[in-house]
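In the working numbering, the protein residues as written are 1 to 108.
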């Protein structure tokens, strides 16, 4: 169920890397590809009263899988985004609590 929310990267770029990203992440965390969501969020970045180019920022919301897996996922995402032409990318993990996450009215 990892939800990957992406800002500051073109939709077409994410579309082109989506297969390799999901292949790698699904293998790393042992979760089926269809459990993932990739969402590109169109944002407007502002600095000093001006619209500016945003920077790549990715948020991964998921159930805790331990520091080692989290590090591997961050490294894989960074490498894929770097290879897509972005020199830098920030990644933030949000750990969800299973008793607060519901699917069809039932918590995990």
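Backbone N, C-alpha and C fix where the C-beta goes; we use that ideal spot for every residue, glycine too.
Apart from sequence neighbours up to five positions away, the residues of its chain that approach residue 9 with a beta-carbon distance below 6 Å are 56, ordered along the chain.
Within its own chain, the residues whose Cβ lies closer than 8 Å to the Cβ of residue 39, once the five positions on either side in sequence are excluded, are 3, 4, 5, 6, listed in chain order. By the Cβ-count criterion, residue 47 is exposed, with fewer than 16 other Cβ atoms from all chains shown falling within 10 Å of its own Cβ. A straight line joining the alpha-carbon of residue 83 with that of residue 98 spans about 34 Å. Setting aside the 5 residues that flank it on each side, residue 44 is surrounded in the same chain by 51, each with a C-beta closer than 7 Å to its C-beta; the list follows chain order.
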